[in-house]
Amino acid sequence: MDYQFRETEKKWQQYWAANKTFKVENKSDKPKFYVLDMFPYPSGAGLHVGHPLGYIASDIYSRYKRLKGFNVLHPMGYDSFGLPAEQYAIQTGQHPAITTETNINRYREQLDKMGFSFDWDREVRTSDPSYYKWTQWIFLKLFDAWYNNKSNRAESIDKLISEFEKNGNNDISAVHDEIENFTAAQWKNFDETEKSRILMAYRIAYLGEAYVNWCPALGTVLANDEVKDGLSERGGHPVERKLMKQWSMRITAYAERLLQGLENIDWSDSLKEAQRNWIGKSEGTTIRFSLQNSDDYIEVFTTRPDTLFGVSFVTLAPEHELVDKITTSSQRAEVQDYVTKTKNRSERERQAEVTRISGVFTGSYVIHPFTGNKIPVWIGDYVLAGYGTGAVMAVPAHDERDFRFATHLGLDRPQVIEPNITHDFGKGSWDAKEGKLINSGFLNDLDVKSAISCCITEIEKQNLGKGKTNYRLRDAVFGRQRYWGEPIPIYYKENIPVAIPENELPLVLPEVDKFLPTETGEPPLARAKNWKYKNLFPLETTTMPGWAGSSWYFLRYMDANNNTSFASKDALNYWQNVDLYIGGSEHATGHLLYVRFWTKALKDLGYINIDEPAQKLINQGMIQGTSCMVHREVATNKIISVGLKSNYNTTLIHIDVNLVDNTEVDIEGLKKWRDDFATAEFVTENGKLICETAVEKMSKRWYNVVTPDSICEKYGADCLRMYEMFLGPLEQSKPWNTNGIAGVSNFIRKLWKLYHNNGKFEVSNENRYKGRIKNAS
RNA sequence: ACCCGGGUGGUGGAACUGGUAGACACGCAGGACUUAAAAUCCUGUGGACCUUAUACGUCCGUGCGGGUUCGAUUCCCGCCCCGGGUACCA
1 MDYQFRETEK KWQQYWAANK TFKVENKSDK PKFYVLDMFP YPSGAGLHVG HPLGYIASDI
61 YSRYKRLKGF NVLHPMGYDS FGLPAEQYAI QTGQHPAITT ETNINRYREQ LDKMGFSFDW
121 DREVRTSDPS YYKWTQWIFL KLFDAWYNNK SNRAESIDKL ISEFEKNGNN DISAVHDEIE
181 NFTAAQWKNF DETEKSRILM AYRIAYLGEA YVNWCPALGT VLANDEVKDG LSERGGHPVE
241 RKLMKQWSMR ITAYAERLLQ GLENIDWSDS LKEAQRNWIG KSEGTTIRFS LQNSDDYIEV
301 FTTRPDTLFG VSFVTLAPEH ELVDKITTSS QRAEVQDYVT KTKNRSERER QAEVTRISGV
361 FTGSYVIHPF TGNKIPVWIG DYVLAGYGTG AVMAVPAHDE RDFRFATHLG LDRPQVIEPN
421 ITHDFGKGSW DAKEGKLINS GFLNDLDVKS AISCCITEIE KQNLGKGKTN YRLRDAVFGR
481 QRYWGEPIPI YYKENIPVAI PENELPLVLP EVDKFLPTET GEPPLARAKN WKYKNLFPLE
541 TTTMPGWAGS SWYFLRYMDA NNNTSFASKD ALNYWQNVDL YIGGSEHATG HLLYVRFWTK
601 ALKDLGYINI DEPAQKLINQ GMIQGTSCMV HREVATNKII SVGLKSNYNT TLIHIDVNLV
661 DNTEVDIEGL KKWRDDFATA EFVTENGKLI CETAVEKMSK RWYNVVTPDS ICEKYGADCL
721 RMYEMFLGPL EQSKPWNTNG IAGVSNFIRK LWKLYHNNGK FEVSNENRYK GRIKNAS
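Residue numbering for the first sequence follows our numbering, starting at 1 and increasing by one per position.
As structure tokens, this is what we get:
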């Protein structure tokens with residue numbers, strides 16, 4: 001008799017569920033251990049075999065830790081707000097809540113089959129009002145907070161207001177948007193609108209302005225992904241870069257702490273490196289270039305003030321606010337033409353296509369602060385509005401992008417650094433921070449490093465600018481022009497944004513007739529009947545982004561059913577933070593930065609006492625699909641086995657990977673699978689049709705999706721779990737290939753047989769080898 | 001374009017700090033057992049050459065091209081290909 005995995009697995013899965021074997025308490029004499037998986041977005045396609053890889057690893061570790069005497073928190077839930085459900089709703093009219101519920105049920109069924117030891121009593125769903133109530137609550141806490149540079153933490157906005165009342169904002173050192181100075185007396189005289197505007201410049205969750213890809217025809221904002229050559233991918237409508245009011249999060253206030261915090265956590269070096277690069281700390285200085293015949297100036301940020309004497313032009317981003325102002329009448333037509341063309345290309349395209357250099361002269365000049373020379377001001381789309389000041393001082397001899405721009409447009413490339421090795425300045429720039437300064441006035445003969453500090457000192461002395469640390473990290477836009485997300489708990493009283501009192505949360509997502517923007521381009525929530533606070537004040541119509549709910553879910557698991565707080569103090573104190581976090585590396589700079597940010601902010605405000613969400617993190621690799629393709633003769637319906645393909649002129653057709661055993665195609669199955677194969681003629685080798693294989697992303701499109709259910713059905717959950725672990729190092733990406741699974745299945749059967757005789761469990765102390773092997777011990 | 005990974009037999013992969021490349025396993029082939037099959041056990045298994053066949057032996061081989069070294073999968077330089085990310089996919 002063989003191992004009957006179906007009965008055995010079913011029996012134990014039912015036992016675990018009935019006895020709540022994996023339910024965990026928030027109190028225990030045992031030491032705690034928190035093992036967390038990145039929770040899934042419940043998509044309509046269900047789980048494929050790639051998804052559970054991390055769950056299997058974490059489940060094994062959880063079980064191990066339990067056996068080692070730990071009280072293990074190992075929960076699971078769903079990141080259930082998101083675009084696909086909304087997109088589906090737009091197409092079918094089906095409410096996203098219904099699709100989401102269906103998908104979750106399917107996920108749960110699949111997860112249960114795999115025998116995970118989750119404590120399902122702690123399940124969370126980000127789209128559930130009992131959950132997003134607290135997401136909204138956290139939003140309000142961040143709305144009522146500002147970042148005090150003196151204490152280096154977020155503090156309550158009340159403290160800031162009382163400081164304004166006492167001393168105005170002169171003594172305040174905060175991370176904030178640009179704001180004029182005012183005294184206590186002035187503050188007291190400001191009206192509500194003015195006070196609101198000023199406070200908004202300080203709040204951590206704030207209504208600010210940000211550039212977005214606005215598509216008037218679709219009435220919505222698009223991701224860079226959805227924009228191609230200034231047109232929307234869907235429909236091909238024009239898209240414009242537009243400065244729009246947007247709820248945002250002042251994550252930049254935490255740039256330095258997010259950087260420093262990496263030192264104390266056990267995450268992979270590559271992941272830390274990715275976060276460091278994303279934060280992009282660079283030290284340099286601002287410099288103002290006065291415009292000729294004008295009081296205006298252009299401010300640039302540079303990390304290379306040593307090359308200041310090598311500036312041969314200044315380049316503005318097409319979106320720069322001065323573009324319109326400084327363009328001379330003779331250049332106006334050309335500039336306008338260029339600006340409309342380029343500023344609507346996505347940032348991605350602008351950076352990616354370095355071969356497509358373009359720029360246009362504004363007609364204006366700035367004055368070099370040290371030489372007094374006239375320097376032309378250009379517009380170029382390689383300069384991004386969102387980074388630094390949206391303007392660069394171009395030093396073509398010592399910056400590669402400036403070099404390309406200058407060469408293309410025939411501009412000067414004055415050399416100011418003499419490299420210590422020979423370098424052909426006709427062929428490229430010398431970017432290295434090495435060499436001796438020449439042609440640089442007071443900087444001559446200095447090495448690069450001393451020149452940098454010397455120049456900053458001089459710039460500050462002459463009040464031309466200020467030494468500054470710049471971060472590439474930008475504040476995170478927090479509003480989305482979408483339906484299926486958390487409503488932002490804000491209403492407008494005479495255009496002043498006001499927080500909804502926290503005891504009135506949750507602000508529940510309203511019903512709408514269609515999941516589309518209104519005719520006037522307002523987000524879908526504007527369609528809701530009477531979307532007003534107290535029937536009077538209009539409510540915010542944008543919703544929160546996908547990362548809102550996932551930025552704190554690890555805390556909710558600690559006390560998932562708490563109605564009076566996001567989690568009790570006791571639970572928070574007991575569980576602290578995640579000991580082992582497993583998830584995909586695609587979240588390296590999104591989710592994993594945001595969750596660290598919220599953790600630090602919540603700590604500052606006194607709600608938790610941990611500084612980092614996860615002590616150890618492992619990125620499981622992605623499991624790719626193995627696609628199968630058959631050869632079909634061009635213009636006929638002959639399917640050719642691989643070995644014979646050289647006799648024919650063929651194209652490759654993807655076929656369902658489930659119809660293939662190794663590389664042999666199940667012809668009868670193929671005929672049933674799609675009509676065009678039913679009538680096809682098959683040219684086989686020894687009666688077999690052999691196909692080609694290729695490694696591709698696992699996706700419906702390539703017919704290479706293998707579901708865990710089908711594997712569990714055929715081989716059992718233990719076999720699936722063991723096989724996935726056997727596939728190779730957890731961190732590495734690897735293609736799924738069902739071929740090897742028989743070996744694991746055999747192993748499990750052998751193991752079972754070792755302890756069973758005629759289907760009965762049998763273990764004895766007798767020496768199995770007694771009398772069979774000489775000198776057996 | 002930029003940032004982070006990866007590329008080793010038919011397959012998954014191993015090789016620790018520069019020291020016998022291919023551990024371990026899957027698959028495949030041959031054999032034993034069996035009426036037969038399954039299961040189990042044993043043997044072989046990077047490629048080419050030499051050889052009747054073995055043994056012995058020779059050459060090539062870790063994406064490509066160079067370099068450093070007595071010695072390179074490992075270190076350096078320059079490329080190619082694949083995956084992920086690039087801020088409104090999650």
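Ideal Cβ positions, reconstructed from N, Cα and C, are used throughout, including at glycine.
Asked	Found
Over the uninterrupted beta strand (DSSP E) stretch that includes His591, give me the two end residues.	Unbroken run through His591 is the alpha helix (DSSP H), His591 to Asp604; no beta strand (DSSP E).
Under the assumption that Ser451 contacts Asp306 (Cβ atoms under 8 Å), give the Cβ distance between them as a whole number of angstroms.	The identity of residue 451 in the sequence shown is Ala, whereas the question assumes Ser. So it is a contact: roughly 4 Å between Cβ atoms.
Can you give me the start and stop residues for the alpha helix (DSSP H) that Ala57 sits inside?	Pro52 to Leu67
Determine the DSSP secondary structure at Tyr382, reduced to helix, strand or coil.	coil
Check whether the Cβ atoms of Thr518 and Ala526 sit closer than 8 Å, and answer yes or no.	yes
Count the other CB atoms, across all protein chains shown, that sit within 10 Å of the CB of Phe22; report buried if there are 16 or more and exposed otherwise.	buried
From the DSSP secondary-structure annotation, give me the bridge partner or partners of Gln246.	Gly208
Thinking just about the alpha-carbon of each residue, which of Met114, Pro42, Lys20 and Gln136 is nearest to the one in Asp121?	Lys20
Assuming Ser358 is part of the alpha helix (DSSP H), what are its boundary residues?	Note, Ser358: premise wrong, no alpha helix (DSSP H); not H, not E.
Going along the chain, which residues of its own chain have a beta-carbon closer than 8 Å to the beta-carbon of Cys455, five neighbours each way excluded?	Thr285, Pro305, Asp306, Leu308 and Leu443
So, helix, strand or coil for Arg778, using DSSP?	Since the first residue of the chain shown is 1 and the last is 777, residue 778 is not available in this structure.
Which same chain residues end up closer than 6 Å to Asn264 when comparing Cβ atoms and leaving out the 5 residues on each side of it in sequence?	none
Mind checking which residues open and close the beta strand (DSSP E) that includes Cys628?	Ile623 to Glu633
Check His756 in the structure and name its three-state DSSP category.	strand
Can you tell me which of the three DSSP states Cys712 falls into?	helix
Where does Pro376 fall in DSSP's three states?	strand
Among Phe370, Pro369, Asn373 and Val392, which one has its Cα closest to the Cα of Ile379?	Val392
Decide if Thr457 is buried, meaning its Cβ has at least 16 other Cβ atoms within 10 Å, or exposed.	exposed
In terms of residues, what are the limits of the alpha helix (DSSP H) holding Arg781?	Any answer about residue 781 is impossible in this case: the structure gives the chain only from 1 up to 777.
Which whole-angstrom value is the C-beta distance of Val665 and Leu644, which I expect to be below 8 Å?	14 Å between Cβ atoms; not a contact.
Under the three-state reduction of DSSP, which class applies to Ala571: helix, strand or coil?	helix
Hey, quick one: how far does the beta strand (DSSP E) through Gln615 stretch, first residue to last?	Ala614 to Gln620
Taking the alpha helix (DSSP H) that Tyr553 falls in, what are its first and last residues?	Tyr553 to Arg556
Does Ile179 come out as helix, strand or coil in the three-state DSSP assignment?	coil
If contacts are defined as beta-carbon pairs under 8 Å, then Gln110 and Pro708 qualify, I think. What distance do you get, rounded to the angstrom?	6 Å
Among Asn737, Arg482 and Pro489, which one has its Cα closest to the Cα of Gly82?	Arg482
With a cut-off of 8 Å on the beta carbons, I'd call Leu222 and Asn213 a contact; round off their distance for me.	4 Å
Can you check which of these residues, Val448, His423 and Tyr471, is closest to Gly435 by C-alpha distance?	Val448
Take Gly390 as the anchor and find which of Gln331, Asn470 and Thr564 has the nearest alpha-carbon.	Asn470
Helix, strand or coil, according to DSSP, for Ser550 in the structure here?	helix
If you draw a straight line from the C-alpha of Pro506 to the C-alpha of Pro489, how long is it?	8 Å
Whole angstroms is fine: what's the gap from Ala588's alpha carbon to His654's?	32 Å
How about the segment 621-628 and the segment 695-706: do they share at least three Cβ pairs that are nearer than 8 Å?	yes
May I ask you to report which of helix, strand or coil DSSP gives Phe566?	coil
Less than 8 Å between the beta carbons of Val657 and Tyr703, yes or no?	yes
Where DSSP assigns a beta bridge to Met393, which residues make up the other side?	Val314
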